[in-house]
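Protein chains in written order, with the working numbering: chain A, 390 to 723; chain B, 22 to 280.
Take a look at the structure below.
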Ligand SMILES: Nc1ncnc2c1ncn2[C@@H]1O[C@H](COP(=O)(O)OP(=O)(O)OP(=O)(O)O)[C@@H](O)[C@H]1O
Ligand SMILES: [Mg+2]
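See below:
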């Protein structure tokens, strides 16, 4: 075995340098053609002039000019009114709206994720009733406009003035005034959260189904129950697929919360609109909102990076990942 | 170590039938494996070897016949002359005592080698972490991977992954080990290291049912060898008998191709 290895390696080195003949300095050619391998201790590293990319430099130059123009107009055009932006960026009504945006986003995403996981598990359950009910829910909540759902929850009292817990057609145990139970904020959460759950359910289902069936089989063969298998084996692996679209959903939810204006509630966008409808400083106030949304989105993206690294363990290391990257690079160079 | 002291068979399959839709994959399989014995199953592709193995730990349910492991009916309970399906938790309990090694390893990729081995003792047996880690390290040592505890499966070679998978199955201290072509997905030079581990297990008295194409291993380690074709056991005997002079023409035809 070692003997044959020793014979093979100089031949391989020779063919390598022949492949790169176009790049290699001329001395490389003589060693490649040489009949007897030179008895060196270590092979000399390739000294090649790297490929030039003139196109890249042109592109960078064009972009630099455009960027300079952009900065120039932002600084010199008085229409931006940066003084107004500065005045309102941290003003109490804007911060109040920001607080509601955050609260609504976090809570409705929480409802959406928990509900989505539950719905996805139901959808994949061997019990046909559970699976069907989950399918019906997803169909209904994805199939009707979110605005209609928000209005529905807000005006539930018109449909059911009192809500009660009890046996159908039998006695009631407790009963509530609907308007007291569901205030505006709760209606917002119900509308946003329950709608989000339907979308999250499909994301989670895709994630669960992406995990190789052999994984749950191996866990089952070890005597783990279905619940343990889901929690310890399948869900953690599915997270890798679930997290990126969930990041999308969260960022999208930041802005979707502005729909709560239809039931008279307010958040960042509504606050800003209220201010510019009075003082007509539309563009500066839209910039205020945009800056806050950008800030929140940046924080979320960083958070997403952390979560992705947490669930990418065992996947990014190893030979397959390392082999994929250079291959893509060579494909791009052609 | 695995002798139950009653002399009763570790595996007793009687008249096992199994269909997928209209295709009858197992058509009356009988097999008895005594404690401490190694039974090898050979046969052409699609003959139902994997399906039969998966019936032993109820990864597949059977349509008729009885499957008992160490005297216990698998997947069902008999009360009077009626059979009751076992609940999922009861099936899980039966599976704890039956280790299984898969052709494609099926290691948990998000866990390191030692975490793979610790997983079942910690979640199923609720062994405390420290103790589980110690015995997992011992097991990995035993399969020659004591220095690879903290590697993820993607950082291990196929042979190393399969040895971790064997250690993972052993961590539940099974009475019976099932192997489904454990070396078929391996490069030829890695087959030996896995077979060595299995040889060691056999020497320690583990009862094993091994589906394999490694005739050398079967000849050397197996106490009994069965040849399956089209969902039936066509021929059974000691490896010497079956390999050296097969009686059935289908066995002859198969062996002439693989030997
Ligand atoms: N879940 C399933 N659904 C439908 N058919 C199946 C299923 N599992 C196995 N089969 C069929 O059952 C037959 C036997 O399969 P099995 O995997 O047991 O064969 P095998 O002897 O293990 O073959 P190999 O040597 O290729 O692994 C095959 O025809 C296969 O297509
Ligand atoms: Mg098979």
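Virtual Cβ for every residue (Gly too), placed ideally from N, Cα, C.
Query, Result
"In DSSP terms, what residue 38 of chain B is bridged to", "B:48 and B:85"
"Residue 706 of chain A (DSSP reduced to helix, strand or coil)", "Unreliable placement is indicated for residue 706 of chain A, whose pLDDT of 48 sits below 50; the coordinate value is still reported in the next sentence. DSSP places residue 706 of chain A in coil when its eight states are reduced to three."
"Members of the region 610 to 630 of chain A that neighbour chain B once the beta carbon cut-off is set at 7 Å", "610, 611, 612, 613, 614, 615, 617, 621, 622, 625 and 626"
"Beta-bridge partners of residue 250 of chain B, as assigned by DSSP", "B:253"
"Cut-off 7 Å between Cβ atoms - residues of its own chain near residue 85 of chain B, not counting five sequence neighbours on either side", "36 and 38"
"8 Å Cβ cut-off: residues of chain B touching residue 702 of chain A", "131 and 173"
"Supposed close pair residue 228 of chain B, residue 202 of chain B - CB separation, criterion 8 Å", "No, residue 228 of chain B and residue 202 of chain B are not in contact; Cβ-Cβ is about 19 Å, not under 8 Å."
"Span of the alpha helix (DSSP H), counted from its first residue to its last, around residue 76 of chain B", "70 to 77"
"Burial state of residue 43 of chain B (16 or more Cβ within 10 Å)", "exposed"
"beta-carbon residue 67 of chain B near ligand 1 non-hydrogen atom, thresh 7 Å", "yes"
"For residue 53 of chain B, the residue or residues it bridges with in DSSP", "B:33"
"Short Cβ contact (8 Å threshold) for residue 158 of chain B with residue 167 of chain B", "yes"
"Below 7 Å from a heavy atom of ligand 2 - residues by beta-carbon", "B:70, B:71, B:124, B:201, B:202 and B:232"
"is_contact[residue 249 of chain B, chain A] using C-beta, thresh 8 Å", "no"
"CB contact flag (residue 539 of chain A, residue 576 of chain A, <8 Å)", "yes"
"Any chain A beta carbon closer than 8 Å to residue 149 of chain B", "no"
"Beta-carbon proximity of residue 199 of chain B to residue 230 of chain B, cut-off 8 Å", "yes"
"Under 9 Å from the C-beta of residue 163 of chain B: neighbouring residues of chain A", "None at all; the shortest Cβ gap to chain A is about 18 Å."
"Endpoints, beta strand (DSSP E) assigned at residue 228 of chain B", "228 to 232"
"Residue 567 of chain A to residue 83 of chain B span [Cα, whole Å]", "54 Å"
"Nearest-angstrom beta carbon gap, residue 590 of chain A and residue 508 of chain A [assumed within contact, 8 Å]", "4 Å"
"Option nearest residue 574 of chain A by Cα separation, candidates A:462, A:676 and A:542", "A:542"
"Inside the region 99 to 164 of chain B only - alpha helix (DSSP H) runs reaching at least 4 residues", "109 to 117, 134 to 144 and 150 to 163"
"Contact the region 654 to 668 of chain A vs the region 486 to 497 of chain A: 3+ CB pairs below 8 Å", "yes"
"Cβ contact (3+ pairs, closer than 8 Å) linking the region 66 to 83 of chain B and the region 105 to 117 of chain B", "yes"
"CB contact below 8 Å: residue 141 of chain B versus chain A", "yes"
"Identity of the residues DSSP links to residue 561 of chain A by a beta bridge", "A:555"
"Best match in A:511, A:618 and A:469 for proximity to residue 602 of chain A [C-alpha to C-alpha]", "A:618"
"Residue 577 of chain A - containing alpha helix (DSSP H), residue span", "573 to 599"
"Chain A contact for residue 39 of chain B (CB, 8 Å cutoff)", "no"
"Contact under 8 Å by Cβ, residue 349 of chain A with residue 131 of chain B", "The question about residue 349 of chain A has no answer here: the residues shown for chain A are numbered 390 through 723."
"Residue 59 of chain B, DSSP secondary structure in three states", "strand"
"Residue 44 of chain B beta carbon near ligand 1 (any heavy atom closer than 7 Å)", "yes"
"Members of the region 55 to 73 of chain B that neighbour chain A once the beta carbon cut-off is set at 9 Å", "none"
"Spatial neighbours of residue 281 of chain B in its chain, beta-carbon cut-off 7 Å, leaving aside the 5 residues before and after", "Given that chain B is displayed from residue 22 to residue 280, the structure contains no residue 281 of chain B and the question cannot be resolved."
"Amino acids of chain B, ordered along the chain, whose beta-carbon sits closer than 7 Å to that of residue 603 of chain A", "123, 125 and 127"
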